[in-house]
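Student:
Number of protein chains: 2
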Amino acid sequence: MSEICNLADKLKAAGHKLTWPRQAVIEVLENHTDHLSHNQILEEGQKIYPKLSRATVYRTMELLCQLNLVRPLYLTDATQRFISATGGHHHLICSRCGTIIEFDHCTAEHLTQQLAEQYGYLIQSHLLEFQGLCPDCQ
Amino acid sequence: MSEICNLADKLKAAGHKLTWPRQAVIEVLENHTDHLSHNQILEEGQKIYPKLSRATVYRTMELLCQLNLVRPLYLTDATQRFISATGGHHHLICSRCGTIIEFDHCTAEHLTQQLAEQYGYLIQSHLLEFQGLCPDCQ
DNA sequence: GTACGTGCAAAGGTTTTGCATGGCG
DNA sequence: CGCCATGCAAAACCTTTGCACGTAC
Chain G
1006 MSEICNLADK
1016 LKAAGHKLTW
1026 PRQAVIEVLE
1036 NHTDHLSHNQ
1046 ILEEGQKIYP
1056 KLSRATVYRT
1066 MELLCQLNLV
1076 RPLYLTDATQ
1086 RFISATGGHH
1096 HLICSRCGTI
1106 IEFDHCTAEH
1116 LTQQLAEQYG
1126 YLIQSHLLEF
1136 QGLCPDCQ
Chain S
1006 MSEICNLADK
1016 LKAAGHKLTW
1026 PRQAVIEVLE
1036 NHTDHLSHNQ
1046 ILEEGQKIYP
1056 KLSRATVYRT
1066 MELLCQLNLV
1076 RPLYLTDATQ
1086 RFISATGGHH
1096 HLICSRCGTI
1106 IEFDHCTAEH
1116 LTQQLAEQYG
1126 YLIQSHLLEF
1136 QGLCPDCQ
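Chains as they are written, first to last, in the working numbering: chain G, 1006 to 1143; chain S, 1006 to 1143.
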């Protein structure tokens, strides 16, 4: 997960215990790409710490969200996924086959400042999603 | 739902029967704001047609999605919600209290064309979501 | 009249919770 | 050593499915 680092340190700094199950979850987050779901985190985490339970994954991710270290994201299905809590995420999604292209160029930076001023928000991240049909599905 | 009109006609045009339960769902969609969930549609629909069942709401919304009349959307929770299938949707969301502001100004139009050319997608809608803290929650 | 749509109820899947045990600090 | 975190299992919740009946066309 691109911009995630030192999750372990931040957890301890916030006064939480650094246990083996939590280390496993953190290692998964740091070594994999974005958009991981609870299921994926569980599966990968059990390769590191086989006793890792589903409930612990849910509780750990909830904790990381509360600490603002990760953020939930929903793509084209109802599965909760997680991304780093800062920066932008840009998706071009085919509404038929579900293919997701991540693009870099984004025009949201200017708008971020503008909205921050207009509404007094402290903006931490943004998501720009285009939906349509990919060449194959048209 | 702002850009939705004549759902009934479009349903019939596509060869589907216009039943009372479906009319109730359509009336709810046309007379309420965006972002309705299955639950909200069921509750409102039952005010119009009391026997309306949850299963029918799910099936009707799935049908409307297949016909490209509405589109599923996920905001800050795992609840599936629905918006009109075209145009843009712009949200400024507080990650703590969940307040959603909808803003109008959007810089995505230019990017739409650019992405369409670059990747060959036929782009139907977009979603631009900023997440942060509202003035009260900072 | 026929095929499609519906309501009900059961099944399936996912997320949350309660509780006794275990391990971090 | 005390408290927090964990695993397990049950509960709660949401969504899907099967089936007999009803209704739009």
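From the three backbone atoms N, C-alpha and C, an ideal C-beta is built for every residue, glycine too.
For clarity, every value in this text was computed on a predicted model and none was experimentally measured.
1) So the candidates are S:His1096, S:Leu1138, S:Val1030; which of them puts its Cα closest to the Cα of Leu1069 of chain S?
2) For Gln1028 of chain S and Lys1022 of chain S, what's the separation of their Cα atoms in angstroms?
3) Fully enclosed by the stretch 1031 to 1108 of chain S, which alpha helix (DSSP H) runs are 4 residues long or longer?
4) Give every residue of the same chain whose Cβ lies closer than 7 Å to the Cβ of Thr1117 of chain S, excluding the five residues on either side of it in the sequence, and list them in chain order.
5) Grouping DSSP H, G and I as helix and E and B as strand, with all else coil, what is Ile1133 of chain G?
6) Between S:Val1033, S:Thr1038, S:Ile1098, which lies nearest to Lys1052 of chain S when the distance is taken from Cα to Cα?
7) Do you know offhand how far Tyr1124 of chain S's Cα is from Cys1139 of chain G's?
8) For Asp1039 of chain S, count neighbouring C-beta atoms within 10 Å of its own C-beta (all shown protein chains included) and say buried if the count is 16 or more, exposed if not.
9) Assign Leu1127 of chain S to one of three DSSP states: helix, strand, or coil.
10) Using the DSSP secondary-structure output, state which residues sit across from Leu1116 of chain G in a beta bridge.
11) At a cut of 8 Å, does the stretch 1075 to 1087 of chain S reach the stretch 1054 to 1061 of chain S through at least three beta carbon pairs?
12) For Gln1136 of chain S, decide whether its Cβ has a neighbour in chain G, counting only Cβ atoms nearer than 7 Å.
13) Which residues in chain G sit within 7 Å of Ser1058 of chain S, going by Cβ to Cβ distance?
14) If I measure Cβ to Cβ from Arg1101 of chain S and keep anything under 7 Å in the same chain, skipping five residues before and after, which residues do I get?
15) Going by DSSP, what residue range makes up the alpha helix (DSSP H) through Ala1019 of chain G?
16) Cβ closer than 7 Å: which chain S residues qualify as neighbours of Phe1152 of chain G?
17) Buried or exposed, going by whether 16 or more other CB atoms sit within 10 Å of the CB of Thr947 of chain G?
18) Would you say Gln1129 of chain S lies against chain G (beta-carbon separation less than 7 Å)?
19) Buried or exposed for Gly1020 of chain G, going by 16 or more other Cβ atoms inside 10 Å?
20) Using Cβ-Cβ distances below 7 Å, what residues of the stretch 1050 to 1075 of chain G are close to chain S?
21) Taking 7 Å as the CB-CB cut-off, is Gly1093 of chain G touching chain S?
Tutor: Looking at the atomic coordinates:
1) S:Val1030
2) 10 Å
3) 1043 to 1053, 1059 to 1071
4) The residues Ile1128, His1131, in chain order, have a CB closer than 7 Å to that of Thr1117 of chain S in the same chain once the five nearest residues on each side in sequence are set aside.
5) The question names Ile, but residue 1133 of chain G is Leu in the sequence shown. Correct three-state label for Leu1133 of chain G: strand.
6) S:Val1033
7) Near 8 Å, if we compare the C-alpha coordinates of Cys1139 of chain G and Tyr1124 of chain S.
8) buried
9) strand
10) According to DSSP, which records beta bridges pairwise, Leu1116 of chain G is partnered with nothing at all.
11) no
12) yes
13) Here the premise fails: no neighbours, minimum Cβ distance about 20 Å.
14) Counting only Cβ-Cβ distances below 7 Å, and skipping sequence neighbours, we find Leu1138, Cys1142.
15) Where Ala1019 of chain G is concerned, there is no enclosing alpha helix (DSSP H), given that its DSSP letter is neither H nor E.
16) Residue coverage of chain G in this structure runs from 1006 to 1143, which leaves residue 1152 of chain G outside it and unanswerable.
17) With chain G covering only 1006 through 1143, there is no way to say anything about residue 947 of chain G.
18) yes
19) exposed
20) none
21) no
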